[in-house]
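**Student:** Encoded as structure tokens, here's the structure I'll be asking about.
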Amino acid sequence: MGNVVNLKIYDPNKFHSLLTVNKNEVMRYGGMMTSRSLVSPDESDEAKAEVIKLIDECMAEAMPVLTYKVCYRRVRVDWEDNVPVLPFDHFGSLNLANNLKGCNEAVMFGATIGVGIDRLITKYNHLSPSKALIMQALGAERVEALCDLFNDEIKEEAAGSGLSCKPRFSPGYGDLPLAVQKEFVAILDCAHLIGINLNESMLMSPSKSVTAIIGLYGSI
Amino acid sequence: MSDIREYLKDHILYLDGGMGTLLQKRGLKPGELPERWNITHPEIITELQKGYFDAGSNVIYANTFGANSLKFDDEELTAIIHGALDVARAAREQSKATQEKFIALDIGPMGRLLKPYGDMDFDEAVEVYAKTVRIGSKYGADLICIETMNDSYDTKAALLAAKENSDLPVFVTNAYGEDGKLMTGASPAAMIAMLEGMHADAIGANCSLGPVQLRGVVEEYVKYASVPVILKPNAGLPRSVDGETVYDVMPDEFSSIMQEYADMGVRVLGGCCGTTPDYIRATVDKTLPDMAKTIEKNPVTDKEITIISSYTHAVEFNDSPVLIGERINPTGKKRFKQALRDEDIDYILGEGLKQQDAGAHVLDVNVGLPEIDEPALLDKVTCELQAIIDLPLQIDTTDPVAMERALRHYNGKPLINSVNGKQAVMDEVFPLAAKYGGLVVALTLDEDGIPDTSCKRVEIARKIIDEAAKYGIKPKDLLFDTLAMTISADTGAALATLQSLHIIRKELGCHTSLGVSNISFGLPQRELVTSTFFALALEEGLSAAIMNPHSQEMMKVYHTYRALHDLDENCMDYIEFAQNYVPAGPAGGNGAGTAAGGTAGASGAGAGTSEGGSGLASGQATDGSKDEYGSPLKRAIVKGLKEQAANITRDLISKGNASLEIVNDEIIPALDIVGQGFEAKKMYLPQLLMSAEASQCAFEVIKEDMASHPGEAVSRGKFVIATVHGDIHDIGKNIVKLIMENYGFEVYDLGKDVPPEDVVKEAERTGAPIVGLSALMTTTVPAMEETIKLLKEKLPEVKTVVGGAVLTQEYADAIGADFYAKDAMATVRYALEVVGG
């Protein structure tokens, strides 16, 4: 705890979940599951095969430019009248309080897959909106895969000291305003360590980035 | 105190070490702004900085790393920078150490990313840094250190601000990742090219890694840099031990590696995160005794390397020829002229990408047409190209205003096309090249025109070299073009060009370039002459050619020349080229002509394009698919086959079908098939888009045709579209734009983050009956509401259609929209209803 911000840079060749893409998730992020009633399990579904082919093309171009970086800090969670005292939330979010119930510690983290995907999205916005759509969805799937990987590691580490993890919770969810991002990324030194910057609307660039907090609680 | 630039000539210069980690030990809280401590805890800062002077540092970075107008208001910013410099001066006075001592205004990244990644304009960024620079120089900084920059464009903004607002020496260091590149992709060579072009006084690397991991970066710097090289690494890599950050390299090891780097030619030594006065003291102790010897061994000298750069990489001019793609240029291209008039950026970008795929190393950018605003358009095209293509650009214009804007906003060191021996032109172009950096194409002509003899052309070249020297521009930053003139007018023309090329390359030692295709103007089968001339010129020492990379004959010369001149290891590049080489058939026409109008990848299959199209079409007709979709073109569109759609359309036009008929009888019905399939949930969104893209390709052919038969129009109506103010998500908007265009609407796309007034202005200007607005975030729906309100007030007859992830029918009703579109097809249906189509 205290002052340490840790940095993790993942080599995709060493982690199965970074090397492989869940194409169904890509389709889900691309809004493709809702545009049809449901994907038929039928493998001979010609329409789906065409979309998968497009995803494969996008992957071939995008995967080499992705970087997988996380910076994180373990923080104490003090409680005052059922409200957690956190270094970034001055709004008293009830949803977050609820999420962190029973936690005296938490892990704040920022994760990003880098700016390469943003350049590809920009490129295909001009040249091929179908690919731009897939690139967007692929980027979303990738950064979530990174968060899942990191989350699993935290879970394992916490279990070592007899702690369990709450589901991760991000600025902008529920009643936790996006405005807390400013403090959140400052505390994690995100700009310097992994290159996440905020724009005027508190959105992150690279766009495929996530900030979140994971509450840790004693399992007894 | 001497000028630091003078001091550097015969000294190793020692910088300070880490500050952030030391401040945290003194109680700086996570997320707290350390610059405020200049006011609240000045004695602590002074004490830490005195420690560095005592350890032997020549330069202390004032505590101003994050002091900028995005974080502090003007009054506090002034107080903080003034305070920081006072605090550092106090440290200098208190230290009894006797070395030369300088105080630097420290400038770190401002914390916002520039476009295209972020939302900040380049000029806005320059102004942010300029404020810091003005205050720092007013309150007596000795130099400016720009550090820890991880984006080349941001670095350029800071350096430009420093140069435009002070006369102080400027040091620039970048933060490289473990891949040896900046976060946004720049290599050391690319940064060196850009920063030296803009006259940084010393350059190098700091932070992010330890001295060991930075070895590759250091090697690049000492190889390419002609100015003193700086290294200010972390104390190795951080890890967490019992809640403390610990770095893995201790002072002794650190200083040994620094000593080794000093021996390799690094002239400015310091430390970053995790280093303390002990690290600096150890480094000084190891390198000071042998300083004179080290300096003698590694004098700072001009590297004589000719180099340009993009935002990612450098292109070096040496024995291997550099290919400059000439296709972004309206001369003789009707379709391209139309694209410029329509500001059809997508078309221009497409031309750029095709040339990259074909093997161009640099792209020439010329958008000069008499009736357009060239400064605005050249600027826009330059910025859009560098957002998606990583090739260096050649800024090609005769308008000095256009040239300056493009050079200012270019992310790297460009080629500048061009200067010549006319005094008036040199007076205009050289100051710009000196300020922004660039390799200047110099044409060997002057007030008297193009000399007939090589002797006179070389004379002009010498004059240009002398004039450039007055601006500090070295001969290595001039690229001489000895002017290829057509041999159809004067059969001696080629010889004069080649002879002068030879002398300039071999005797003056300058690099050369030619617009090779001029040589064959007016002759039949031009490519035969042009490609042979290209080969001859290469043999005489041609360094670069402005050429058509889609020309197979030209690429053949390029690849065989490299293989024959031992420039292609194991002939690998040649073998790859040969595998895709398609010899022109007996019916093959002029390759260049075919490729010019061709689609992506046409270079290999140019000669057979139209046959290929009809061949495919009849092939499909026989396999029964014609029955399913009604025609080959419909099938190509439904299946999303771009090249086929274009080829079949070209074929139909050549057989005499009218453009309008193709649109109404083929394209629109095909789109309807897909649209209905999508609405019935039988097709996915990407398929809808792929079909739209295929029909776009068909439209492209039709547009080309119409450019030669003006008068026909296929517009269903006008439509203005924008992502609302504050919102930067534009993928949904782009999807709607594409589908609407496919249904024959003239779409005026205002882009993203568009203020309400601009939407109203565009609707008024175009007279569009419908405006589409997109918003993705709940936080920007109010901006949408405001836009609708303003539209209703100023243009009550205009209909509004809204869409985006957060919108619902209820939301749309609440903010007064005329129609809520759940997807792109819904927008089309509504728009058709409004225009009565």
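Going line by line, the protein sequences match chains A and B.
If you use the working numbering, the first sequence corresponds to residues 669 to 888, in order.
If you use the working numbering, the second sequence corresponds to residues 512 to 1348, in order.
Quick reminder that beta carbons are idealized off the backbone N, C-alpha and C, glycines included.
Along the segment 899-910 of chain B, where does the CB come closer than 9 angstroms to a CB of chain A? Name the residues.
**Tutor:** Residues passing the 9 angstroms Cβ filter: I899, I900 and D901.
**Student:** Taking all protein chains shown into account, decide if L761(B) is buried (16 or more other Cβ within 10 angstroms of its Cβ) or exposed.
**Tutor:** Just to set this straight, residue 761(B) is Met in the shown sequence, not Leu. Exposed, since its Cβ has fewer than 16 Cβ neighbours within 10 Å.
**Student:** Could you check how far apart the C-beta atoms of S663(B) and T695(B) are, in whole angstroms? I think they sit under 8 angstroms.
**Tutor:** Rounded, the Cβ-Cβ distance is 6 angstroms, consistent with contact.
**Student:** Checking contacts by CB at 8 angstroms: is L831(A) closer than that to chain B?
**Tutor:** Not one chain B Cβ lies under 8 angstroms of L831(A).
**Student:** Can you list, in chain order, the residues of its chain whose CB lies under 8 angstroms from that of K1263(B), leaving out five sequence neighbours each side?
**Tutor:** Closer than 8 angstroms at the Cβ level, and outside the excluded window around K1263(B), lie A1233, T1234, D1238, I1239, H1240, D1241 and K1244.
**Student:** Taking only three categories from DSSP, how would you classify K612(B)?
**Tutor:** DSSP places K612(B) in coil when its eight states are reduced to three.
**Student:** Our contact map puts C814(A) next to L686(A) with C-beta atoms below 8 angstroms; I'd like the distance itself, whole angstroms only.
**Tutor:** It is worth fixing the name first, because residue 814(A) is Leu in this sequence and not Cys. Going by Cβ atoms, the distance from L814(A) to L686(A) rounds to 7 angstroms, so yes, they are a contact pair.
**Student:** Quick one: Cα of H1022(B) to Cα of L1249(B), how far?
**Tutor:** H1022(B) and L1249(B): Cα-Cα distance of roughly 45 angstroms.
**Student:** Three-state secondary structure (DSSP) at V1235(B)?
**Tutor:** Strand.
**Student:** When DSSP builds the beta bridges, which residues end up paired with E748(A)?
**Tutor:** DSSP output for E748(A) lists V751(A) as bridge partner(s).
**Student:** Examine chain A for any beta-carbon lying closer than 8 angstroms to the beta-carbon of K667(B), and answer yes or no.
**Tutor:** No, K667(B) does not count as interfacial toward chain A.
**Student:** Can you give the Cα-Cα distance for I1057(B) and A697(B), rounded to whole angstroms?
**Tutor:** Their backbone Cα atoms lie some 25 angstroms apart in a straight line.
**Student:** Can you list, in chain order, the residues of the segment 649-661 of chain B whose Cβ is nearer than 9 angstroms to any Cβ on chain A?
**Tutor:** Taking 9 angstroms as the Cβ-Cβ cut-off against chain A, the residues of the segment 649-661 of chain B that qualify are T659 and N661.
**Student:** For chain B, find out if any of its Cβ atoms is closer than 8 angstroms to the Cβ of D801(A); answer yes or no.
**Tutor:** As written in the sequence, residue 801(A) is Leu, which differs from the Asp given in the question. Yes, contact with chain B.
**Student:** Here's a check: name, in chain order, each residue in its chain whose Cβ is nearer than 6 angstroms to the Cβ of N865(A), leaving out the five neighbours to either side.
**Tutor:** Correct list, in chain order: A859 and S873.
**Student:** For T964(B), count neighbouring Cβ atoms within 10 angstroms of its own Cβ and tell me buried if that reaches 16, exposed if not.
**Tutor:** Result: exposed.
**Student:** Under 7 angstroms: does the beta carbon of T1234(B) sit that close to some heavy atom of the ligand FMN?
**Tutor:** With respect to small molecules bound, the structure shown includes none, and the ligand FMN cannot be examined in it.
**Student:** Consult DSSP for P749(B) and reduce its assignment to one of helix, strand or coil.
**Tutor:** In the structure shown, P749(B) sits in a strand (DSSP, three-state: E or B).
**Student:** Run through chain B and tell me which residues come within less than 8 angstroms of Q804(A), C-beta to C-beta.
**Tutor:** Near Q804(A) (Cβ distances below 8 angstroms), the residues of chain B are I1242.
**Student:** With C-beta atoms as the reference, is G923(B) less than 8 angstroms away from P903(B)?
**Tutor:** Cβ distance < 8 angstroms, so G923(B) and P903(B) count as in contact.
**Student:** Counting only beta-carbon separations shorter than 8 angstroms, does I856(B) have a partner in chain D?
**Tutor:** Among the protein chains of the structure shown, namely A and B, there is no chain D.
**Student:** Return helix, strand or coil for D884(B), following the three-state DSSP convention.
**Tutor:** In the structure shown, D884(B) sits in coil (DSSP, three-state: anything other than H, G, I, E or B).
**Student:** Relative to chain A, which residues along the segment 541-570 of chain B have a C-beta separation below 7 angstroms, given in chain order?
**Tutor:** The segment 541-570 of chain B vs chain A, Cβ under 7 angstroms: P541 and G542.
**Student:** By the 7 angstroms beta-carbon criterion, what residues does the segment 822-835 of chain B contribute toward chain A?
**Tutor:** Answer set for the segment 822-835 of chain B: empty.
**Student:** Output the distance between the C-alpha atoms of F852(A) and F759(A), rounded to the nearest integer angstrom.
**Tutor:** Answer to the nearest angstrom: the Cα atoms are 13 angstroms apart.
**Student:** Under 8 angstroms between the Cβ atoms of V1174(B) and G1255(B)?
**Tutor:** Yes; because the gap between Cβ atoms is below 8 angstroms, this pair is in contact.
**Student:** What does the Cβ neighbour count give for Q1187(B), buried or exposed, with the cut at 16 atoms within 10 Å?
**Tutor:** Looking at its Cβ environment, which holds fewer than 16 other Cβ atoms inside 10 Å, Q1187(B) is exposed.
**Student:** The segment 613-646 of chain B: which residues have C-beta closer than 8 angstroms to a C-beta of chain A, in chain order?
**Tutor:** Here the close residues are P620, G622, R623, L624, P627, Y628, G629, D630 and M631.
**Student:** Measuring only the C-alpha atoms, how far is A1046(B) from Q866(B)?
**Tutor:** Roughly 20 angstroms separates the two Cα atoms.
**Student:** Below 7 angstroms on C-beta distance, what does V672(A) contact in chain B?
**Tutor:** The answer, in chain order, is S751, G754, E755 and T756.
**Student:** So, at 7 angstroms on beta carbons, what are the nonlocal neighbours of V1068(B) in its own chain, with the 5 sequence-adjacent residues on each side left out?
**Tutor:** Closer than 7 angstroms at Cβ, skipping near neighbours: S1042, F1045 and A1046.
**Student:** Which two residues bound the contiguous alpha helix (DSSP H) that contains S580(B)?
**Tutor:** Per DSSP, S580(B) belongs to no alpha helix (DSSP H) and is neither H nor E.
**Student:** Strictly under 8 angstroms for the Cβ-Cβ distance: is D746(A) near chain B by that measure?
**Tutor:** So no, D746(A) is outside the interface.
**Student:** Taking 8 angstroms as the CB-CB limit, is P1197(B) close to chain A?
**Tutor:** Answer yes: the Cβ-Cβ gap between P1197(B) and chain A drops below 8 angstroms somewhere.
**Student:** When DSSP labels each residue in this structure, what does A1209(B) get in the three-state scheme?
**Tutor:** The answer is helix: DSSP assigns A1209(B) an H, G or I state.
**Student:** I want to see whether chain B comes within less than 8 angstroms of S786(A), judged by CB atoms only; does it?
**Tutor:** The displayed chain sequence assigns Asp, not Ser, to residue 786(A). Closer than 8 angstroms to some Cβ of chain B, the Cβ of D786(A) qualifies, so yes.
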